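This report concerns only the one structure given below.
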Amino acid sequence: MTVPRRQQTEQKSSPKTARKPFTDHALVCFAHDLIAGYGSFFFFTQPAANLLLVACTMMRPWVGLLGLLAGASTLLARQALSLSLVTVGGLEVVNGILAGLLVGYFFAPEERAVALALCAGPFAVLVSAWMGDNLRHRNLPLLSGSFVLVGGGLLAVGRAMGLSFAPPLQPTPIDWLPTPLYEFLRALGGIYLTRTPEGGIFVLAALFLSSRTLVMLAILAASVANLILLGFAIPVTGLAGSSALSAAVMAAIMTGGLFTAPSGRALLVALFAAACASVASLALFNALFFMALPPLSLPYLVVTWLIMLTLRPERGMAWARYWLPPSLPEISLDRARQAEARGLSPHSVALRAPFYGRWHVYQSFDGPYTHQGAWAHALDFHRLVDGQAFRDDGEKVSDFYCFGQTVRSPAWGQVVEFRADLPDNPPGEVDAVNCWGNYVLIAIGNDEFVLIAHFRQHSVCVAMGETVMAGQHLGQCGNSGRSPQPHIHMHVQKGITLGNPTRPFHLSGVCIGTRFLLDCLPKEQDEVLVPNVSEALRRSLHVQIGRRHTYMAGQNEWQLQIELDVTNQFTFVAASGAKVYLAETDTLFALYERCGPADPLFDVFVLSVGLTPMIDMEAEWFDAPPTRLLPLPPAMRALRWLLPGMISSTSHYRRAWDSTTHVWRQSGTHDLNLLGRPLWRCQTLSTITEGGGIIGFSLAGSDHLTDVKLIKIGFKSDIGVDEWDEPVVHSF
């Protein structure tokens, strides 16, 4: 990653003056990390939500103070060991905080209890590192796992020290509050060892501010736990019942909220986890009671880990993409919607078309001839000219237009089996013994294999074990096997054995008419086109590290720069710090994962060119950008905030060539939808040249009008390379 160089004059300053900004910055970072630690296992992104959790613990000042001290001790221990990060998300901090809160919850105020709470920090770092590494090997999250070990150890040490126990907490009854709601709030407060309705209100507010989906899951999980307690005749007002509610809420949030995208299946998993956690909490509460040990977080952790270990792809492909990197469910839902719109559905495999140019679908999914039952998910392709599959009289196999045409690999993978010796059938005849004829079987991962069948005799040009790339030449279309006329057969199957059941797939990067599709499932007789790539457009949109674009927005300059992060991912970064990741393939330029501070111009840029095919034709296509990119009026923003699962956005793009100015005009219509029905709309227009890339973009909405033009391009400096900028002259 290059770093800009600036001309600097030597300035002399006292050590005190030079050191003070650094010290202030270090203290601010320390305080930020400490407060952010409170909500780290909820993956909160808003500082206000974390501050609400701090306020919850401060409802009992002694308990809250020890939590803060233990969190600070954890950060200091991490710094003393020169560790920038121990666990993903800094979960060691919240584990240290919880251990400190536990000391304050059980022991009365005195100096020795403070010293004991400070011991939580070093042990939280050590135990979190050890547990995190071991859990990561099984793809399990740490969550509050180290708190159970460290907290239990501190309790044992406190008893050995003879510390005085704190008097039992007596929550203040609130007569006007219904008992289920009262106990629900107590259970929420109990997550942070403040088992009072007042503490629960702060936790509920933090959840509501961050994710309404998590609030819904918490309410439903508590309802399930209440039903189980009622069935077991266990009072919810007791400590055992309240602990069961807390465990149910946490298990539901983890298994149905933070580690997956919202869906009906996720809701069922969450409710199942809540029921299991309720029973596990009751069992552990009573089993540990006689050892004078509290179950702490153990019930929800055990259930969460067991469910994650059980619902894995190797136990059933239905769970292949259920578990996602942890995030707030609204963010995960936006990602899932955009991924599915871009052909990355968890329920279907994305493949390239196995040919060049225009072909027709001879037989689609559930076709009338052979695509039935276990083999329903398959596509057959052939070529038609003026509605005919052959020239002359069609008596010879070579009369058919697709015979001998190039067959290319539909995916990256490894050739695990092939056959090339079978003869091609005369038209109208079939080889019923060797149904697949000459074929190539490619392993693409996850025990999935792509079969391409009916190759021309001796035309297969790959070897056993060879790694093939998408688009690589495999052989020629033929008429071997059960094939009455030349065609290409393609399907995805589970397992390596020929004839295994097929599974859904779709074509990516093809056109039906003028519509460019990343998730195409063509019907019979559809004409499928593999469009030509525009090399000029591809060059103009190609990303280069350090490239800088300066635009004029009104009277102000606005800059974008291309950077490469430590994970080798390219990003567009604005001067404001707003950032979006970008992916570039041979046919597509795509932006995803917008992050960083608010920047309305940056959002317009992402909306305008967020998905741009680099194909040499006029086309239209669809996308599903995150709703937060839309410049919504206040009423629509409030609706999006309150109804995250019901609100979505869709974008419809059209691109046409302007022959007068020799530029591509790419328009986009962006809708905010409630249950699929449009509520609000805005439009974007971007101008793309084949030499200068994106030279302008604009937005028109109900109360927005933005017009931005490129005025300079350049590169930032690097060691031995001076930065430069040159003006852009528009010819229109």
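Read left to right, the sequence shown gives residues -2 to 729 (the numbering used here). Yeah, the Cβ is synthetic: ideal placement off N, Cα and C, and Gly gets one too. Since the structure is predicted, the reported quantities are computational estimates derived from the model, not experimental observations.
In the DSSP output, what is CYS679 paired with across the bridge? HIS667
If THR511 and ALA621 are in contact, beta carbons under 8 Å, what's the gap, nearest whole angstrom? About 20 Å separates the two Cβ atoms, so there is no contact after all.
Could you spell out the range, first to last residue, of the beta strand (DSSP E) harbouring PRO724? 721 to 724
Can you tell me whether TYR366 is buried or exposed, with buried defined as 16 or more other CB within 10 angstroms of its CB? exposed
If you draw a straight line from the alpha carbon of PHE256 to that of LEU268, how long is it in whole angstroms? 15 Å
Report the rounded CA-to-CA distance for GLY187 versus GLN43, giving the unit in angstroms. 22 Å
Supposed contact pair THR686 and PHE694 - C-beta distance, whole angstroms, cut 8 Å: Actually they do not touch by this definition, with Cβ atoms about 13 Å apart.
Under 8 Å between C-beta atoms of PRO168 and ARG192: yes
Check whether ASP722 and THR547 have beta carbons under 8 Å apart: In contact: ASP722 and THR547 (Cβ atoms closer than 8 Å).
For LEU348, which of helix, strand or coil comes out of DSSP? Reduced to three states, the DSSP call for LEU348 is strand.
Status (buried if at least 16 other CB within 10 Å, exposed otherwise) for CYS592: exposed
Using only alpha-carbon positions, find the residue among ALA386, MET213, ARG133 and PRO519 that is nearest to PRO641. Checked all of ALA386, MET213, ARG133 and PRO519; the closest Cα to PRO641 is MET213.
Within its chain, find whatever has a CB closer than 6 Å to the CB of PHE415; leave out the 5 residues flanking it on each side and keep chain order. VAL437 and VAL457, listed in sequence order.
With THR584 and ILE612 assumed to form a contact (beta carbons below 8 Å), what rounded beta-carbon distance in angstroms separates them? 6 Å
Given 8 Å, three or more beta-carbon pairs between the region 220 to 240 and the region 193 to 209: no
Kindly list the residues whose CB is nearer than 7 Å to the CB of PRO483, restricted to its own chain and excluding five residues on each side of it in sequence; keep chain order. Within the same chain, HIS379, VAL394, PHE397, CYS399, PHE400, CYS474, GLY475 and ASN476 come within 7 Å of PRO483 by CB-CB distance, once the 5 residues on both sides are set aside.
Indicate whether SER70 and LEU115 have their beta-carbon atoms separated by less than 8 Å. yes
When the Cα atoms are used, what is the spatial distance from LEU49 to MET55? 10 Å
Output the distance between the C-alpha atoms of LEU604 and ALA74, rounded to the nearest integer angstrom. 44 Å
For my contact list, VAL221 and ALA272 are in at a C-beta cut-off of 8 Å; report their separation, rounded to the angstrom. The C-beta separation of VAL221 from ALA272 comes to about 5 Å, placing the pair in contact by the 8 Å criterion.
Helix, strand or coil for PHE415, going by three-state DSSP, please let me know. Strand.
Distance between ARG536 and GLY690 (C-alpha atoms, nearest Å): 8 Å
Indicate the three-state DSSP secondary structure (helix, strand or coil) for ARG500 in the structure shown. strand
Measuring alpha carbon to alpha carbon, tell me which of VAL430, TRP59 and ALA284 ends up nearest GLU107. TRP59
Among GLY698, ILE692 and LEU696, nearest to ILE710 - alpha-carbon criterion: Considering only alpha carbons, the answer is ILE692.
Secondary structure, beta strand (DSSP E): runs of 3+ residues fully inside the region 422 to 505: 435 to 442, 445 to 452, 470 to 473, 485 to 491 and 502 to 504
Keeping to the same chain, check which residues put their C-beta closer than 7 Å to that of ALA245; ignore five residues upstream and five downstream. ALA218, ALA219, VAL221, ALA222, ALA271, ALA274 and SER275
Roughly how many whole angstroms lie between the Cα atoms of LEU471 and ILE449? 9 Å
Classify GLU554: buried if its beta carbon has 16 or more other beta carbons within 10 angstroms, exposed otherwise. exposed
Quick one: which unbroken beta strand (DSSP E) runs of 3-plus residues sit fully inside the region 514 to 557? Chain order, please. 524 to 527 and 544 to 550
From VAL606 to VAL577, what does the alpha carbon distance come to, in whole angstroms? 12 Å
Helix, strand or coil at PHE362 [DSSP, three-state]: Residue state, collapsed to three classes: coil.
Which residue marks the beginning of the alpha helix (DSSP H) containing VAL299, and which one marks its end? 295 to 307
Ends of the alpha helix (DSSP H) at ARG109? 108 to 115
I'd like the list of long-range same chain contacts for SER37, defined as Cβ closer than 7 Å, with 5 residues on each side in sequence excluded. GLY86, GLY87, LEU88, VAL90 and VAL91
Beta-carbon gap between PRO194 and LEU174 smaller than 8 Å: yes
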